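Numbering (our numbering), first residue to last: 434 to 641.
Ideal placement from N, C-alpha and C gives every residue a C-beta, glycine not left out.
Please read these numbers as outputs of a predicted model, since none were measured by experiment.
Here is the structure we will look at.
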Amino acid sequence: MGSLGAVMKHPDDLFPLVKLKMAMRHAEKQIPPQPHWCFCYTMLQKVSRSFALVIQQLDTDLRNAVCIFYLVLRALDTVEDDTSVATDVKVPILIAFHRHVYDRDWHFSCGTKEYKILMDQFHHVSTAFLELGRNYQEAIEDITKRMGAGMAKFICKEVETIDDYDEYCHYVAGLVGLGLSKLFHASGSEDLAPDHLSNSMGLFLQVA
434 MGSLGAVMKH PDDLFPLVKL KMAMRHAEKQ IPPQPHWCFC YTMLQKVSRS FALVIQQLDT
494 DLRNAVCIFY LVLRALDTVE DDTSVATDVK VPILIAFHRH VYDRDWHFSC GTKEYKILMD
554 QFHHVSTAFL ELGRNYQEAI EDITKRMGAG MAKFICKEVE TIDDYDEYCH YVAGLVGLGL
614 SKLFHASGSE DLAPDHLSNS MGLFLQVA
């Protein structure tokens with residue numbers, strides 16, 4: 434009744450809500466039937482409810498690439514955030530993560546809840562990654578390499594100054610914007626945005 438009452442108070446919101454619901458159902462029907470793609474889109478829903486719907490409105494090839502890009506970076510972030518993983522184990526994984534995405538057999542158990550599932554069954558993500566076009570793979574590999582190296586740097590170095598903070602934010606957020614720009618460019622749908630604009634977009638998404 435609470436939701437119905439809210440709608441009745443704001444009837445102009447009803448049509449956009451119906452459109453959103455229909456878009457969600459349409460997006461669910463677009464998930465490829467292969468087990469590895471089913472896993473990837475299921476995990477996307479679990480680890481990013483807000484971005485999942487937006488991603489699933491994209492054209493098929495770009496949608497798949499952005500889905501995998503998001504999951505790879507989420508996995509990288511899971512390694513960085515797991516305080517139970519020793520530094521001498523964590524740092525080499527972060528630095529080499531861009532190579533692990535090419536290995537169908539690689540996985541590393543860490544994280545909790547849905548993030549642990551993502552890491553334990555990361556072979557599904559790698560399998561899907563290897564089905565992407567080469568331009569998409571190169572874009573994802575490049576950003577993963579740069580982000581992993583940045584994360585590794587700040588595992589061993591404290592954020593002590595504003596410059597340190599800005600640099601760290603570039604690695605963990607700004608590079609997301611750069612990566613998305615590269616993927617849209619690879620799809621042929623957009624010109625490659627200047628790095629400073631893409632970096633700013635990533636920082637904005639982090640705040641939002």
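Asked, Found
"Report yes or no: do three or more beta-carbon pairs, one from the region 521–529 and one from the region 578–596, lie closer than 8 Å?", "yes"
"List the endpoints of the continuous alpha helix (DSSP H) containing Ser517.", "That residue, Ser517, is in no alpha helix (DSSP H); it is neither H nor E in DSSP."
"Are the Cβ atoms of Leu477 and Leu504 separated by less than 8 Å?", "yes"
"Candidates Tyr604, His618, Ala619, Ser481: which alpha carbon is nearest Leu422's?", "Outside the displayed range of the chain (434 to 641) lies residue 422, so it cannot be described from this structure."
"Suppose you measure from the CA of Cys471 to the CA of Ile464; what does that come to, to the nearest Å?", "7 Å"
"When you compare the CB positions of Ile576 and Leu608, do they come within less than 8 Å of one another, or not?", "yes"
"As a quick exercise: from Gly544, Val558, Leu486, pick the residue whose alpha carbon is nearest that of Pro468.", "Val558"
"Rounded to whole angstroms, what is the Cα-Cα separation between Val487 and Pro466?", "20 Å"
"Can you check which of these residues, Ser620, Ser483, Thr560, Thr493, is closest to Tyr535 by C-alpha distance?", "Thr560"
"What number of angstroms, rounded off, separates the C-alpha of Asp515 from the C-alpha of Cys589?", "15 Å"
"Spatial neighbours of Leu563 within its chain, please: C-beta separation below 8 Å, excluding the five flanking residues on both sides.", "Tyr535, Arg537, Gln570"
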